[in-house]
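Residue numbers (the UniProt record's numbering): 1 to 423.
The beta carbon of each residue, even a glycine, is placed where N, CA and C say it ideally should be.
All values reported here derive from a predicted model rather than from experimental measurement.
Report on one structure; see the data block that follows.
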Amino acid sequence: MRKHVSRDLTGHAASDPKPARIIDLSRLIRRTGRRPTGVDRVELAYLRFVIGRAEPAFGLVRTRLGYVLLDRAGLRDLLARFTGAQEWGPADRLARAMRIDPGQRRAESDLRRLCTARCLPSGLKRMLRRNLPRGAVYYNVGHSNLTRRVLRALKDGAQASIVVFLHDTIPLDHPQYQRPESEPRLRKILHQVSVHADLLLCNSEATRTNLIRHLGAEGRVPPVYAAHLGVDLDCSENGNNATVPHISAPYFLCLGTIEPRKNHAFLLDLWDRMAAERGVEDLPHLVICGRRGWCAPAFFERLDSNPLRGRVIHEFGGLSDGAVRGLLRNARGLLFPSLAEGFGLPPVEAAALGIPVICNDLPVLREILGDIPIYATVSDSYLWERKIRDLTEETRSRSGPCSRTGFSAPRWEDHFKTVLSVT
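Structure representation (structure tokens):
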């Protein structure tokens with residue numbers, strides 16, 4: 001009788017040596033010098049995960065000249081640069097000849113200094129065959145490099161298993177809130193993962209359900225696993241050492257990129273109405289914190305010309321993580337009227353810090369936060385006004401994170417336990 005061999009979903013037997021891990025870092029390199037987005041933070045978490053494992057660790061990056069491969073030492077040095085612990089080096093001769101952003105010149109120059117191998121696009125399969133252990137697991141979190149060339153080179157050159165993290169299907173489900181190119185781009189990604197991926201990861205059961213539905217139209221549906229994202233709650237980063245904007249009056253915070261899906265216009269409508277009904281003197285302040293995004297010129301014009309701006313409505317973009325954390329800790333509550341989410345990190349972070357949350361009633365928020373937030377559909381603005389008034393008048397002691405809500409935040413440790421169980 002043949003002995004049964006237990007295997008994970010990428011085909012590795014439990015008795016096999018642990019496979020090498022390779023993380024694609026093309027997105028982080030492309031975004032060097034910018035404030036990290038939610039996707040960037042997930043990619044950084046996966047970089048730390050790959051570095052921290054005992055098995056061999058590698059990184060793959062697409063540059064303007066081809067591809068570079070980094071080993072664990074190179075990944076450690078790259079992480080130090082991403083986090084600001086180490087400065088990026090000077091631009092080399094090749095970078096100086098390219099018409100690219102100065103930060104990109106330094107980043108790509110450092111890649112060439114740190115890499116263990118590099119190649120032109122046509123040599124990718126050969127480079128991977130020569131330098132990667134057979135059967136490595138390749139993680140793509142940032143959706144860069146999801147091309148047939150790269151995925152076939154990983155399969156044919158290194159017999160790698162391909163694991164792709166997909167964050168949401170919002171461009172397909174709500175294209176009216178997105179840039180015009182977002183929908184066809186996601187369709188191309190889904191086609192590539194349907195053909196080439198061994199396994200898919202996502203951030204919630206809500207996203208998983210939507211992914212399976214859309215992948216069904218592509219034909220093949222790889223196994224899809226949901227693992228809630230971790231929340232970093234380093235209490236030493238509480239804003240004490242950051243320059244936190246001072247708001248003397250009670251205020252509510254709206255956190256996230258300013259774009260149509262986040263529904264900032266709903267809050268502007270609400271504050272305009274409350275000011276008309278109650279006057280400005282007793283009105284709580286609204287703090288909008290996030291970079292200006294896309295498809296919202298009318299909203300930006302309205303925000304810039306609003307007579308409440310600078311009096312009870314404040315906008316801050318480009319703040320450090322410490323400054324944002326400081327603003328959040330001192331807020332009466334987080335307001336999150338978003339119309340669609342794959343995960344919804346701001347309310348999860350707020351709840352983890354013990355900050356009350358008023359949010360739109362979305363299935364994914366109920367999945368992750370349960371009955372912790374105050375759910376108020378955005379079709380009922382008067383309910384929002386009443387809850388804001390209640391929280392404004394309420395006094396409460398703050399003894400530390402989670403003291404108000406009793407919420408236990410998802411942890412990266414648990415996320416990667418799920419990842420390891422299937423890869």
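(request) Specify, as a first and last residue, the run of the alpha helix (DSSP H) that serine 421 falls within. (result) The count along the sequence shown starts at 1 and reaches residue 421 at position 421. That run of the alpha helix (DSSP H) goes 412–422.
(message) Any contact between the segment 332–342 and the segment 296–308? By contact I mean 3 or more CB pairs, one from each, below 8 Å.
(response) Between the segment 332–342 and the segment 296–308, the count of C-beta pairs closer than 8 Å stays below three; the two stretches do not touch.
(message) Using a 10 Å radius around the Cβ and a threshold of 16 neighbouring Cβ atoms, would you call serine 236 buried or exposed?
(response) By 1-based counting over the sequence shown, the position of residue 236 is 236. Low confidence applies to serine 236: its pLDDT is 40, below 50, so where it sits in the model is not reliable, and the reading given next is rough at best. With fewer than 16 neighbouring CB atoms inside 10 Å of its own CB, serine 236 falls in the exposed class.
(message) Whole angstroms are fine: how far does the CA of glycine 84 sit from the CA of serine 397?
(response) Here residue 397 corresponds to residue number 397 of the sequence shown, with the count starting at 1. Here residue 84 corresponds to residue number 84 of the sequence shown, with the count starting at 1. Reliability of the predicted coordinates at serine 397 is poor, the pLDDT of 40 falling under 50, and no value is obtained from them.
(request) Can you give me the start and stop residues for the beta strand (DSSP E) that glutamate 315 sits inside? (result) As a first step, residue 315 is located in the sequence shown; it is residue number 315 there, counting from the start. Where glutamate 315 is concerned, the enclosing beta strand (DSSP E) stretches over 313–316.
(request) Would you kindly check if the distance between the Cβ of valine 68 and the Cβ of glutamate 124 is under 7 Å? (result) As a first step, residue 124 is located in the sequence shown; it is residue number 124 there, counting from the start. As a first step, residue 68 is located in the sequence shown; it is residue number 68 there, counting from the start. The amino acid at residue 124 is misidentified as glutamate; the sequence shows leucine. Taking C-beta atoms as the reference points, leucine 124 and valine 68 fail to come closer than 7 Å.
(request) Specify, as a first and last residue, the run of the alpha helix (DSSP H) that tyrosine 46 falls within. (result) Your numbering for residue 46 matches position 46 in the sequence shown. Counting along the chain, the alpha helix (DSSP H) containing tyrosine 46 begins and ends at 38–52.
(request) Using beta-carbon positions only, say whether isoleucine 374 and phenylalanine 407 come within less than 7 Å of one another. (result) On the sequence shown, residue 374 is found 374 positions in, with the first residue counted as 1. On the sequence shown, residue 407 is found 407 positions in, with the first residue counted as 1. When the beta-carbon positions are compared, isoleucine 374 and phenylalanine 407 stay at least 7 Å from each other.
(request) Express the C-alpha separation of arginine 134 and glycine 157 in angstroms, rounding to a whole number. (result) Position 157 of the sequence shown, counting from 1, holds the residue named residue 157. Position 134 of the sequence shown, counting from 1, holds the residue named residue 134. Between glycine 157 and arginine 134, the C-alpha separation is close to 8 Å.
(request) Look up asparagine 140 in the DSSP assignment and say whether it is helix, strand or coil. (result) As a working mapping, residue 140 is identified with position 140 in the sequence shown. Here asparagine 140 carries a strand assignment [DSSP, helix/strand/coil].
(message) Within 8 Å, do at least three Cβ pairs link the segment 167–176 to the segment 195–215?
(response) Contact between the segment 195–215 and the segment 167–176 is present, with at least three C-beta pairs closer than 8 Å.
(request) Along the alpha helix (DSSP H) that carries leucine 151, what are the first and last residues, could you check? (result) In the sequence shown, residue 151 corresponds to position 151, counting from 1. From DSSP, the alpha helix (DSSP H) with leucine 151 extends over 148–158.
(message) Determine whether the beta carbon atoms of alanine 409 and alanine 352 lie at a separation below 7 Å.
(response) Locating residue 409 in the sequence shown gives position 409, counting from the first residue. Locating residue 352 in the sequence shown gives position 352, counting from the first residue. With contacts defined as CB atoms closer than 7 Å, alanine 409 and alanine 352 qualify as a contacting pair.
(request) Could you name the residues that DSSP lists as bridge partners for aspartate 24? (result) Position 24 of the sequence shown, counting from 1, holds the residue named residue 24. Leu60.
(request) Give a yes or no on whether the C-beta atoms belonging to isoleucine 355 and alanine 376 are separated by under 7 Å. (result) Taking the sequence shown and counting its residues from 1, one reaches residue 355 at position 355. Taking the sequence shown and counting its residues from 1, one reaches residue 376 at position 376. Cβ atoms of isoleucine 355 and alanine 376: not closer than 7 Å.
(message) Let's see if you can read the secondary structure: which residues bound the beta strand (DSSP E) around tyrosine 251?
(response) Taking the first residue of the sequence shown as 1, we reach residue 251 at position 251. Here the beta strand (DSSP E) through tyrosine 251 covers 251–255.
(message) If I follow the unbroken alpha helix (DSSP H) through valine 287, where does it start and stop?
(response) The residue given as residue 287 occupies position 287 in the sequence shown. From DSSP, valine 287 is part of no alpha helix (DSSP H) but of the beta strand (DSSP E) over 285–289.
(message) Run through the DSSP bridge pairs and tell me what phenylalanine 336 is partnered with.
(response) Reading the sequence shown from its first residue, position 336 is the one you call residue 336. Partner(s): Cys359.
(message) For the segment 377–384 against the segment 411–419, do three or more pairs of beta-carbon atoms, one drawn from each stretch, fall closer than 8 Å, so that the two count as touching?
(response) Result no; under three Cβ-Cβ pairs closer than 8 Å.
(request) Would you mind sorting alanine 54 into buried or exposed? The rule is 16 or more other CB atoms within 10 Å of its CB. (result) Here residue 54 is taken as the residue at index 54 of the sequence shown, counted from 1. In this structure alanine 54 is exposed. Its beta-carbon is surrounded by fewer than 16 other beta-carbon atoms within 10 angstroms.
(message) Runs of 3 residues minimum, wholly inside the segment 62–137: which ones carry the beta strand (DSSP E) assignment?
(response) Qualifying beta strand (DSSP E) stretches, in chain order: 67–70 and 117–119.
(request) Answer yes if the segment 183–192 comes into contact with the segment 302–310, meaning at least three C-beta pairs across the two stretches below 8 Å, and no otherwise. (result) Verdict: no, contact absent.
(request) Can you tell me the Cβ-Cβ gap for alanine 331 and leucine 270, rounded? I've got them flagged as a contact below 8 Å. (result) By one-based count along the sequence shown, residue 331 stands at place 331. By one-based count along the sequence shown, residue 270 stands at place 270. 16 Å between Cβ atoms; not a contact.
(request) Would you kindly report the start and end of the unbroken alpha helix (DSSP H) that includes threonine 212? (result) In the sequence shown, residue 212 corresponds to position 212, counting from 1. It should be noted that the sequence gives isoleucine, not threonine, for residue 212. For isoleucine 212, the enclosing alpha helix (DSSP H) covers residues 205–216.
(message) Among the candidates Arg62, Asp71, Arg329 and Arg278, whose CA atom is the shortest distance from the CA of proline 56?
(response) For the purposes of this step, residue 56 is taken as residue 56 along the sequence shown, with counting starting at 1. Minimum Cα distance to proline 56 is reached at Asp71.
(message) Going by DSSP, what residue range makes up the beta strand (DSSP E) through valine 224?
(response) Against the sequence shown, residue 224 aligns to sequence position 224. It spans 224–226 - the beta strand (DSSP E) in which valine 224 sits, taken as one unbroken run.
(message) For a test of the three-state rule: what should DSSP assign to serine 379, helix, strand or coil?
(response) Position 379 of the sequence shown, counted from the start, is the residue given in the question as residue 379. Looking at serine 379 - three-state DSSP - the assignment turns out to be coil, as it is neither helix nor strand.
(message) Does leucine 229 come out as helix, strand or coil in the three-state DSSP assignment?
(response) Counting from one through the sequence shown, the residue named residue 229 turns up at place 229. Looking at leucine 229 - three-state DSSP - the assignment turns out to be coil, as it is neither helix nor strand.
(message) How far does the alpha helix (DSSP H) with leucine 328 in it extend, from its first residue to its last?
(response) The residue you call residue 328 lines up with position 328 of the sequence shown. In the DSSP assignment, leucine 328 falls within the alpha helix (DSSP H) that extends over 321–329.
(message) Just to confirm before moving on: does the CB-CB distance between alanine 160 and tyrosine 139 stay below 7 Å?
(response) Your numbering for residue 160 matches position 160 in the sequence shown. Your numbering for residue 139 matches position 139 in the sequence shown. No; because the gap between Cβ atoms is not below 7 Å, this pair is not in contact.
(message) Could you check if alanine 160 belongs to the surroundings of the ligand GDP, using beta carbon to heavy atom distance under 6 Å?
(response) Among the components of this structure there are no ligands whatsoever, and the ligand GDP is therefore not found.
(message) So, with DSSP's three-state summary, where would you put serine 248?
(response) Locating residue 248 in the sequence shown gives position 248, counting from the first residue. Serine 248 sits in coil when the DSSP states are folded into three classes, being neither helix nor strand.
(message) Assuming contact is defined by CB atoms lying nearer than 7 Å, are histidine 196 and isoleucine 162 in contact in what I supplied?
(response) Numbered from 1 along the sequence shown, position 196 holds the residue referred to as residue 196. Numbered from 1 along the sequence shown, position 162 holds the residue referred to as residue 162. The Cβ-Cβ distance between histidine 196 and isoleucine 162 falls below 7 Å.
(request) Pull up the distance between the alpha-carbon of leucine 78 and that of arginine 106, whole angstroms please. (result) Here residue 78 is taken as the residue at index 78 of the sequence shown, counted from 1. Here residue 106 is taken as the residue at index 106 of the sequence shown, counted from 1. Roughly 12 Å separates the two Cα atoms.
(request) Return the residue from the list Gly52, Thr147, Ser109 and Gly38 that minimises the CA-CA distance to isoleucine 29. (result) Counting from one through the sequence shown, the residue named residue 29 turns up at place 29. Distance check between isoleucine 29 and each of Gly52, Thr147, Ser109 and Gly38 places Ser109 closest, using alpha-carbon atoms only.
(request) Over the uninterrupted beta strand (DSSP E) stretch that includes leucine 201, give me the two end residues. (result) Counted from its first residue, the sequence shown places residue 201 at position 201. Segment 199–202, the beta strand (DSSP E) holding leucine 201.
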